[in-house]
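Enquirer:
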Amino acid sequence: MPEAIVIFTGIVVFAQMFDIGLRLERGGAAEFLRDPGLVARSLTAALLVVPLAVSVLIALFPLPPEVAIGLVILAAAPGAPLTTRRSEAAGGDRHFVSALQAILAALAMVYMPLVFATFQQMGALDLPSVGPGKIARQVAAVTFLPLTLGWLFARAAPGCLRRQATLLSKVSKLLFVAFLFAIVLALAFVPDLRGKLMIGWTGVSVIVALAALALASGHALGGPRGDRRAGLAIATVARNLGLALYVAESTPGTLLAIPTILSYALLAILLAMPYSRWTKRRLLHGQAASPDGLG
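What follows is the structure, encoded as structure tokens:
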């Protein structure tokens, strides 16, 4: 993969994580951490259910190595930058999801190499020999570092942040849109790339099953509040596309996993759309019936 593409993908992820750090509300993470039951359920859904589901699906279905590797990378990449916005479309609790999103992004630099090492030790598939230290450094550079910088900047210069928040958010969004646009252009004008996206009906079926399991587990583990069930479901199914692509592009032997990562991104969004409409309607109905609106 050309180094310029790897660098641009890293810049996109860096900008998205910086924006998350800027918008992490004061006390939001502390409030979330004060509820150990909610923390345990949330981390179980986002960090345990998905890799467990991937291991079962790999064992049950004869998947090509590139599809299996793509699923492992996705399982290892929680904390998608757009989780908060996507969860709001489902009626999710913004404060809860924002705190969870930041915590997942901060954990990524430890979690991703751990998932890779676990799958290698299980012998579930032959992942390329990648040192956990290298993966941790890569992930830290594009997730933990910008997240921390954004959080520190928001607290060191709140007045400047209020003036520049819209501009900073627009820059982050524009970079992400440019990133997606570049992918669309590549698909439109590179026939060979379109052909490589054909991962087969088995691969598609496994991706749909994984996304459905992620949504269902998040919804089931979200607790009694409907807005948190919806938020956790979206946070669980939404894997970090930019980080997954960055790792696939920059790690030897994983480049062929990119079609699986892109296919999951598209299919997961399509599957989450009817879920989001359903939960939003239920929450609106609950708010009409009950003043506390907890659904």
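Note that the sequence shown covers residues 1 to 295 in the UniProt record's numbering. From the three backbone atoms N, C-alpha and C, an ideal C-beta is built for every residue, glycine too. If you're wondering where the values come from, they're calculated on a predicted model, not measured in any experiment.
Please give the ranges of any alpha helix (DSSP H) in the segment 16-56, keeping only runs that are unbroken, at least 4 residues long and fully inside the region.
Expert: Runs of the alpha helix (DSSP H) inside the segment 16-56: 28-33 and 36-43.
Enquirer: Looking at the unbroken alpha helix (DSSP H) that takes in V72, where does it start and where does it end?
Expert: Per DSSP, V72 belongs to the alpha helix (DSSP H) from P65 to A75.
Enquirer: Mapping the DSSP letters down to three states, classify L60 as helix, strand or coil.
Expert: Reduced to three states, the DSSP call for L60 is helix.
Enquirer: Among L22, A268 and G226, whose alpha-carbon lies nearest the alpha-carbon of L241?
Expert: Ranking the options by Cα distance to L241, first place goes to A268.
Enquirer: May I ask you to report which of helix, strand or coil DSSP gives D227?
Expert: Helix at D227.
Enquirer: Out of curiosity, what's the CA-to-CA distance linking G295 and R94?
Expert: For G295, the predicted structure reports a pLDDT of 45, less than 50, and the residue's modelled location is therefore unreliable. The matter cannot be settled from this model.
Enquirer: Measure the alpha-carbon distance for M1 versus E249 and round it to whole angstroms.
Expert: In this prediction, M1 has a pLDDT of 47, which is less than 50 and means its spatial position is unreliable; nothing more can be read from the coordinates.
Enquirer: If you compare alpha carbons, which of Y246, L262, A230 and A68 is closest to M273?
Expert: That would be A230, whose Cα lies nearest to the Cα of M273.
Enquirer: In whole angstroms, what is the alpha-carbon distance linking A212 and L271?
Expert: Rounded to the nearest angstrom, the two C-alpha atoms are 7 Å apart.
Enquirer: Look at the alpha carbon of T254 and the alpha carbon of R34, and state the distance between them as a whole number of angstroms.
Expert: If I take the Cα positions, the gap works out to 39 Å.
Enquirer: Within the same chain, show all residues whose beta-carbon is closer than 8 Å to that of I11, passing over the 5 residues directly before and after it, in chain order.
Expert: Same-chain partners within the cutoff: L175.
Enquirer: Is the segment 224-239 in contact with the segment 74-81, if contact means three or more CB pairs nearer than 8 Å?
Expert: Judged by Cβ distances under 8 Å, the segment 224-239 makes contact with the segment 74-81, as three or more pairs qualify.
Enquirer: Looking at the structure shown, is R86 part of a helix, part of a strand, or coil, going by DSSP?
Expert: R86 falls in the helix class under three-state DSSP.
Enquirer: Thinking C-alpha only, which one of Q120, E31, F18 and V13 is nearest A154?
Expert: Out of Q120, E31, F18 and V13, F18 has the C-alpha closest to the C-alpha of A154.
Enquirer: Closest by CA to L245, which one among Y264, T83, A235 and I234?
Expert: Among Y264, T83, A235 and I234, the Cα nearest to that of L245 is on Y264.
Enquirer: From I235 to Q101, what does the alpha carbon distance come to, in whole angstroms?
Expert: The question names Ile, but residue 235 is Ala in the sequence shown. Their Cα atoms are separated by approximately 7 Å.
Enquirer: Specify the secondary structure class of R155 as computed by DSSP and reduced to three states.
Expert: Helix, per DSSP.
Enquirer: Quick check: the segment 135-149 against the segment 106-117, are at least 3 beta-carbon pairs closer than 8 Å?
Expert: Contact between the segment 106-117 and the segment 135-149 is present, because at least three Cβ pairs lie under 8 Å.
Enquirer: Write down the C-beta distance between A40 and S217 rounded to the nearest angstrom, noting that I regard them as a contact closer than 8 Å.
Expert: No, A40 and S217 are not in contact; Cβ-Cβ is about 13 Å, not under 8 Å.
Enquirer: On the CB-based measure, 16 or more other CB atoms within 10 Å of its CB, does V49 come out buried or exposed?
Expert: Looking at its Cβ environment, which holds 16 or more other Cβ atoms inside 10 Å, V49 is buried.
Enquirer: For a test of the three-state rule: what should DSSP assign to G203, helix, strand or coil?
Expert: Reduced to three states, the DSSP call for G203 is helix.
Enquirer: Should A40 be counted as a contact of the ligand NAD given a C-beta to heavy atom distance under 7 Å?
Expert: The ligand content of the structure shown is nil, which means the ligand NAD is not present either.
Enquirer: Quick one: is I181 buried, meaning 16 or more other Cβ sit within 10 Å of its Cβ, or exposed?
Expert: One point to set straight first is that residue 181 is Phe, not Ile, in the sequence displayed. Classification of F181: exposed, given that the 10 Å Cβ count is below 16.
Enquirer: For D292, which three-state DSSP category applies?
Expert: Caution is warranted here: a pLDDT of 45 is assigned to D292, below 50, making its placement in the model unreliable, and the coordinate value is therefore given only provisionally. The answer is coil: DSSP assigns D292 none of H, G, I, E or B.
Enquirer: Going by beta-carbon coordinates alone, are L243 and T143 separated by less than 8 Å?
Expert: Result yes, Cβ atoms of L243 and T143 sit closer than 8 Å.
Enquirer: State the start and end residues of the unbroken alpha helix (DSSP H) segment that holds T143.
Expert: Counting along the chain, T143 falls outside any alpha helix (DSSP H), and DSSP gives it neither H nor E.
Enquirer: Can you give me the C-alpha to C-alpha distance between M122 and I7, rounded to a whole angstrom?
Expert: Their backbone Cα atoms lie some 32 Å apart in a straight line.
Enquirer: Answer yes or no: do residue 334 and V54 have a C-beta to C-beta separation smaller than 8 Å?
Expert: Lying before the first or after the last residue shown, residue 334 is absent from the chain, which here runs from 1 to 295.
Enquirer: Would you please state the rounded distance, in angstroms, between the beta carbons of A15 and V171? I believe it to be under 8 Å.
Expert: At roughly 7 Å, the Cβ-Cβ gap stays under 8 Å, so A15 and V171 are in contact.
Enquirer: Along the chain, where does the alpha helix (DSSP H) containing residue 296 start, and where does it finish?
Expert: In the structure as shown, the chain starts at 1 and stops at 295, and residue 296 therefore has no counterpart that could be examined.
Enquirer: Report buried or exposed for S276, applying the criterion of at least 16 other Cβ atoms within 10 angstroms of its Cβ.
Expert: Burial call: buried.
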